[in-house]
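Asks:
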Amino acid sequence: MEQKIKNIITSFYADEKLEAVKLLNNRVIITLIGEADEKADEEIKQKIYDFGTIDKVSIIHTAEKTPQATGAASPFEEKWKISGVKKIIGVASGKGGVGKSTTAVNLALALANLGKKVALFDADIYGPSIPTMLGYADEQAESLDGKVLEPFMNMGIASMSIGALVGKESPIIWRGIKAVGAIEQIITGTKWGEIDVMVMDMPPGTGDVQLTLSQKVDLDGMVIVSTPQDIALIDAIKGVNMFKKVDVPILGIIENMSYYICETCGTRADIFGHEGAKKTAEKLGVKFLGEVPLHLNIRENADNGTPIVFAEPEGKFTKIYEEIAAKVIETLGD
Ligand SMILES: Nc1ncnc2c1ncn2[C@@H]1O[C@H](COP(=O)(O)OP(=O)(O)OP(=O)(O)O)[C@@H](O)[C@H]1O
Ligand SMILES: [Mg+2]
2 MEQKIKNIIT SFYADEKLEA VKLLNNRVII TLIGEADEKA DEEIKQKIYD FGTIDKVSII
62 HTAEKTPQAT GAASPFEEKW KISGVKKIIG VASGKGGVGK STTAVNLALA LANLGKKVAL
122 FDADIYGPSI PTMLGYADEQ AESLDGKVLE PFMNMGIASM SIGALVGKES PIIWRGIKAV
182 GAIEQIITGT KWGEIDVMVM DMPPGTGDVQ LTLSQKVDLD GMVIVSTPQD IALIDAIKGV
242 NMFKKVDVPI LGIIENMSYY ICETCGTRAD IFGHEGAKKT AEKLGVKFLG EVPLHLNIRE
302 NADNGTPIVF AEPEGKFTKI YEEIAAKVIE TLGD
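Using our numbering, read the sequence shown as starting at 2 and increasing by one per residue.
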């Protein structure tokens, strides 16, 4: 099948233009280097649909070859062009499962509440959860002109996720250079519009993909999410040090699942200890942005596609996220 598709493409575009053909269930994503020929694209798509087994064909044209994950910082490396976007902040964590995506989505909505035009980009190729959190898990990303992707416009923010291209049940098979290439195609190939702040949900961890991303995206700062346990904080410190090494400013640390308030009696319990992230921030000389408690409503709303900041606009948790958003804006400037 892949070879058949390649043959079709090369009959319209010369061999050296074909960068990649990805087959995912009954979808095909084709990447070509250079100028698009709309008529050729249409004919390629039609020929592939004629197989009768493919539901969706996406053809992406990129200006140049996808970057190599070098693993080393180079001041001469060119940044990706993400047009219309003024500031970009990353939300990262050293460790997975600490609430990075929940924080990214609620922070994005809180920034919008403070009057910013906001975009949320899900760069977590290993577990894209933004489509679920923003309620479009069953939808596909669309391109009206066959070239650029239309961002989703939900809850007042623009967003895009690799999950909306490959579907939530598909395994994410890209690793290393391929993963970075896929992220580049999607982030630079989306029609974002005029955006004040883009929030980027980074893949968890501090490996090659994270490092390359932080070199290729013109990041204005990084927010690090950690839970209060020592083990999570050790990874958060690794994250801070990695981003510092490649000159990405650290906007600060957020302590997520910081404490628990009993639903019935209102008593606060510091299940994982207290102020671990605050002390770590002080030790590292970075800002402490705030603490978000562990609460059932935060979990249920995020997992059901109505994040707490959207579901409870006047609620106490929304206030917490808005205070964090205000600190982020203050540090970023205009
Ligand atoms: N403050 C909180 N209170 C209660 N539940 C939370 C809170 N923050 C996150 N969660 C829940 O914890 C789980 C993990 O959160 P999330 O998916 O945001 O983490 P993540 O760091 O993005 O994970 P991954 O590494 O898998 O991408 C989710 O079910 C989420 O709803
Ligand atoms: Mg996540």
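Think of the CB as a built atom: it goes at the ideal place given N, C-alpha and C, for glycine as much as any other residue.
Check each residue's C-beta against every heavy atom of ligand 2 and list, in chain order, those closer than 7 Å.
Replies: Per the Cβ criterion, the list is 101, 102, 125, 128, 130, 202 and 205.
Asks: Is it the case that the Cβ atoms of residue 186 and residue 32 are separated by a distance below 8 Å?
Replies: Along the sequence shown, one-based indexing puts residue 186 at 185. Along the sequence shown, one-based indexing puts residue 32 at 31. Yes.
Asks: When you compare only the Cα positions, how much space is there between residue 370 and residue 22?
Replies: This structure gives no information on residue 370, because the portion of the chain shown stretches from 2 to 335.
Asks: Give the DSSP-derived three-state secondary structure of residue 10 in the structure shown.
Replies: Counting from one through the sequence shown, the residue named residue 10 turns up at place 9. The answer is helix: DSSP assigns residue 10 an H, G or I state.
Asks: For the putative contact between residue 206 and residue 249, defined by C-beta atoms under 8 Å, what is the C-beta separation to the nearest angstrom?
Replies: Taking the first residue of the sequence shown as 1, we reach residue 206 at position 205. Taking the first residue of the sequence shown as 1, we reach residue 249 at position 248. Wrong, their Cβ atoms sit about 15 Å apart, outside the cutoff.
Asks: Confirm, please, whether the CB-CB distance from residue 60 to residue 45 is below 8 Å.
Replies: Residue numbering aside, residue 45 sits at position 44 when the sequence shown is read from its first letter. Residue numbering aside, residue 60 sits at position 59 when the sequence shown is read from its first letter. Cβ distance < 8 Å, so residue 45 and residue 60 count as in contact.
Asks: Ligand 1 and residue 295: does any heavy atom of the ligand fall closer than 7 Å to the residue's C-beta?
Replies: Locating residue 295 in the sequence shown gives position 294, counting from the first residue. Correct: residue 295 has its Cβ closer than 7 Å to ligand 1.
Asks: Does the contact criterion of 3 or more C-beta pairs under 8 Å hold for the segment 252 to 260 versus the segment 113 to 125?
Replies: At 8 Å Cβ cutoff, the stretches do not touch.
Asks: Quick check: the Cα distance between residue 224 and residue 290, rounded to an integer number of angstroms?
Replies: Looking up residue 224 in the sequence shown gives position 223. Looking up residue 290 in the sequence shown gives position 289. Taking the straight line from one Cα to the other gives about 9 Å.
Asks: Just to confirm, does residue 300 get its C-beta within under 7 Å of one of the non-hydrogen atoms of ligand 1?
Replies: For the purposes of this step, residue 300 is taken as residue 299 along the sequence shown, with counting starting at 1. Yes, ligand 1 has a heavy atom inside 7 Å of this Cβ.
Asks: Just to confirm my understanding: we take residue 153, look at its own chain, exclude 5 residues before and 5 after, and list those with CB closer than 6 Å. What are they?
Replies: Residue numbering aside, residue 153 sits at position 152 when the sequence shown is read from its first letter. Correct list, in chain order: 137 and 160.
Asks: Starting from residue 274 and walking both ways along the alpha helix (DSSP H), at which residues does that stretch end?
Replies: For the purposes of this step, residue 274 is taken as the residue at position 273 of the sequence shown. Element bounds for residue 274: n/a, residue is neither H nor E.
Asks: Residue 308: buried (16+ other C-beta within 10 angstroms of its C-beta) or exposed?
Replies: In the sequence shown, counting from the first residue as 1, residue 308 sits at position 307. Classification of residue 308: buried, given that the 10 Å Cβ count is 16 or more.
Asks: Using 10 angstroms around the beta-carbon of residue 204, count the other beta-carbons present and answer buried if the total reaches 16, otherwise exposed.
Replies: One-based indexing of the sequence shown puts residue 204 at position 203. So residue 204 ends up on the buried side.
Asks: If contacts are defined as beta-carbon pairs under 8 Å, then residue 101 and residue 93 qualify, I think. What distance do you get, rounded to the angstrom?
Replies: Indexing the sequence shown from 1 puts residue 101 at position 100. Indexing the sequence shown from 1 puts residue 93 at position 92. Correct: roughly 7 Å between the Cβ atoms.
Asks: Are the CB atoms of residue 219 and residue 80 nearer to each other than 8 Å?
Replies: The count along the sequence shown starts at 1 and reaches residue 219 at position 218. The count along the sequence shown starts at 1 and reaches residue 80 at position 79. Yes, the pair counts as a contact, with Cβ atoms nearer than the cut-off.
Asks: Run through DSSP, which three-state label would residue 194 get?
Replies: Within the sequence shown, residue 194 is the residue found at index 193, counting from 1. Reduced to three states, the DSSP call for residue 194 is coil.
Asks: Measure how close the beta-carbons of residue 57 and residue 28 come, nearest whole angstrom, since I'm counting them as under 8 Å.
Replies: On the sequence shown, residue 57 is found 56 positions in, with the first residue counted as 1. On the sequence shown, residue 28 is found 27 positions in, with the first residue counted as 1. Right, the Cβ-Cβ distance comes to about 5 Å (below 8 Å), so this counts as a contact.
Asks: Taking 7 Å as the cut-off, is the CB of residue 224 close to at least one heavy atom of ligand 1?
Replies: Position 223 of the sequence shown, counting from 1, holds the residue named residue 224. No, the Cβ of residue 224 stays beyond 7 Å of every heavy atom of ligand 1.
Asks: Looking at the strands, I want to know which residues DSSP matches up with residue 24.
Replies: Looking up residue 24 in the sequence shown gives position 23. Beta-bridge pairing links residue 24 to 29.
Asks: Is there at least one non-hydrogen atom of ligand 1 closer than 7 Å to the beta-carbon of residue 94?
Replies: Reading the sequence shown from its first residue, position 93 is the one you call residue 94. Checking the Cβ of residue 94 against ligand 1 gives yes.
Asks: Short of 7 Å in beta carbon distance, which residues of its chain neighbour residue 156, apart from the five on each side in sequence? Order them along the chain.
Replies: Locating residue 156 in the sequence shown gives position 155, counting from the first residue. So the list reads 110, 135 and 311, once near-sequence residues are dropped.
Asks: Since residue 325 and residue 108 should fall inside the 8 Å C-beta cutoff, what is the C-beta to C-beta distance between them, to a whole number of angstroms?
Replies: Stepping through the sequence shown from its first residue, residue 325 is reached at position 324. Stepping through the sequence shown from its first residue, residue 108 is reached at position 107. Their Cβ separation, rounded to whole angstroms, is 6 Å, which keeps residue 325 and residue 108 in contact under 8 Å.
Asks: Could you check which residue in 233, 320, 96 and 26 has the C-alpha nearest to that of residue 299?
Replies: Numbered from its first residue, the sequence shown carries residue 299 at position 298. Of the candidates 233, 320, 96 and 26, the one whose C-alpha sits nearest the C-alpha of residue 299 is 320.
Asks: By how many angstroms is the C-alpha of residue 226 removed from the C-alpha of residue 201?
Replies: Walking along the sequence shown from the start, residue 201 turns up at place 200. Walking along the sequence shown from the start, residue 226 turns up at place 225. Going from the Cα of residue 201 to the Cα of residue 226 covers about 13 Å.
Asks: Between which two residues does the beta strand (DSSP E) containing residue 322 stretch?
Replies: In the sequence shown, residue 322 corresponds to position 321, counting from 1. Where residue 322 is concerned, there is no enclosing beta strand (DSSP E), although the alpha helix (DSSP H) it sits in stretches over 317 to 333.
Asks: For residue 52, does the count of other Cβ atoms within 10 angstroms reach 16, so buried, or fall short, so exposed?
Replies: The residue labelled residue 52 in the question sits at position 51 within the sequence shown. Result: exposed.
Asks: I need the boundaries of the beta strand (DSSP E) containing residue 122, first residue and last residue.
Replies: Locating residue 122 in the sequence shown gives position 121, where the first residue counts as 1. Element bounds for residue 122: 119 to 123.
Asks: Thinking C-alpha only, which one of 49, 240 and 120 is nearest residue 2?
Replies: Working through the sequence shown from its first residue, we reach residue 2 at position 1. For the residues 49, 240 and 120, the minimum Cα distance to residue 2 belongs to 49.
Asks: Anyone know if the C-beta pair for residue 129 and residue 98 falls short of 8 Å?
Replies: If you number the sequence shown from 1, residue 129 lands on position 128. If you number the sequence shown from 1, residue 98 lands on position 97. Contact flag unset, no.
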